[in-house]
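Student: Dropping a structure here in structure tokens format, bear with me for questions.
Numbering (the UniProt record's numbering), first residue to last: 1 to 306.
Below, the structure written as structure tokens:
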């Protein structure tokens with residue numbers, strides 16, 4: 001196996017991990033601050049992808065498509081929080097799971113009613129298309145490199161927001177003692193709405209960025225949501241740093257496992273059986289990683305110890 005292939009797959013794993021981070025960051029903020037299990041977070045990812053495809057089709061601008069995706073997902077998130085989620089904070093997690101699962105069905109059927117059942121396609125703009133030559137003569141798609149750097153930029157901006165701003169102080173305080181910050185005059189309802197809108201906007205951005213690589217279709221958010229939950233369990237609930245590290249670990253494990261595990265099995269069995277066994281183990285690799293992390297540190301890599 002060539003060095004070029006290994007480097008390309010590492011970059012693919014980083015790009016996949018960055019997209020998972022954008023999903024997981026909003027999810028871990030919502031769960032960490034509100035204590036809410038939001039299964040409909042993947043639907044906001046889908047809303048962002050469809051909004052981006054629609055805006056790009058109307059305007060021809062990829063930048064406006066990204067802005068439209070974030071705005072649409074944020075607006076949808078605010079409406080969901082105010083109309084549905086706000087009634088669930090005092091309930092147990094089973095009620096939250098059932099209510100947000102119902103929202104998945106509503107979003108899926110509503111999207112199918114508006115856009116139809118056929119996939120949409122969001123084209124990569126000309127100035128981001130084509131390959132770029134990396135050191136060593138490696139040809140790699142320019143758009144995927146942009147995704148990696150854009151995701152890292154968002155991660156840095158989100159880290160600064162959480163650690164250096166007044167809103168970030170309120171968010172971190174809300175994770176530890178929401179009654180106390182309410183007693184100090186912070187409007188908890190407004191804070192929760194802002195956090196939910198921020199998480200939804202990040203999910204919408206992820207959907208728009210990925211929509212230019214794969215087709216935009218109903219139900220595209222649920223598989224990514226499962227991986228996002230794995231990410232926040234590995235990284236630690238409520239930790240943005242943990243979400244980033246966990247997402248990169250999951251992205252690299254999933255991508256490299258799918259390439260290298262079948263090659264390892266070929267050393268011990270027939271090629272066809274090795275491909276089947278290696279692919280099966282690769283699909284389980286991220287869950288094995290999650291189990292290993294939880295055995296070593298039950299709260300996740302950067303989760304607060306109790």
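Cβ atoms here follow ideal geometry from the backbone N, Cα and C, with glycine treated the same way.
Remember, it's a predicted structure, so these values are computed and weren't measured experimentally.
#1: Inspect the CB distances between the region 207-223 and the region 86-98 and report whether three or more fall short of 8 Å.
#2: Hey, out of 142, 70, 125 and 184, whose CA is closest to residue 133's CA?
#3: For residue 114, count the other beta carbons within 10 Å of its own beta carbon; 16 or more makes it buried, fewer makes it exposed. Which is it?
#4: What's the gap between the Cα of residue 306 and the Cα of residue 227?
#5: In the DSSP output, which residue or residues are listed as bridge partners for residue 140?
#6: Relative to the C-alpha of residue 16, which candidate in 280, 59, 211 and 264 has its C-alpha closest?
#7: Spell out the partners DSSP gives residue 120 in its beta bridges.
#8: Spatial neighbours of residue 2 within its chain, please: C-beta separation below 8 Å, excluding the five flanking residues on both sides.
#9: Pairing CB atoms from the region 24-35 with CB atoms from the region 272-284, are three or more of them under 8 Å?
#10: Does DSSP put residue 86 in a helix, a strand or coil?
#11: Which of the three DSSP states is assigned to residue 266 in this structure?
#12: Do residue 284 and residue 46 have their CB atoms nearer than 8 Å?
#13: Am I right that residue 48 and residue 73 are in contact with their C-beta atoms under 8 Å? What's the rounded C-beta distance?
#14: Give the straight-line distance between the Cα atoms of residue 299 and residue 109, rounded to the nearest whole angstrom.
#15: Would you mind sorting residue 149 into buried or exposed? The rule is 16 or more other CB atoms within 10 Å of its CB.
#16: When the distance is taken between beta carbons, is residue 286 closer than 8 Å to residue 28?
#17: If you draw a straight line from the C-alpha of residue 240 to the C-alpha of residue 161, how long is it?
#18: Measuring CB to CB, does residue 253 end up less than 8 Å from residue 202?
Tutor: Concretely, from the data shown:
#1: no
#2: Cα-wise, what sits closest to residue 133 is 142.
#3: Looking at its Cβ environment, which holds fewer than 16 other Cβ atoms inside 10 Å, residue 114 is exposed.
#4: Residue placement at residue 306 is flagged as unreliable, the pLDDT there being 49, under the threshold of 50; the coordinate-derived value follows with that caveat. The alpha-carbon atoms of residue 306 and residue 227 are separated by roughly 25 Å.
#5: Bridge partners of residue 140 according to DSSP: 132.
#6: 211
#7: 216
#8: none
#9: The region 24-35 and the region 272-284 do not touch, with fewer than 3 CB-CB distances between them shorter than 8 Å.
#10: In the three-state reduction of the DSSP assignment, residue 86 falls in the helix class.
#11: coil
#12: Not closer than 8 Å, so no.
#13: 4 Å
#14: 36 Å
#15: Classification for residue 149: exposed.
#16: Taking C-beta atoms as the reference points, residue 28 and residue 286 fail to come closer than 8 Å.
#17: 11 Å
#18: no
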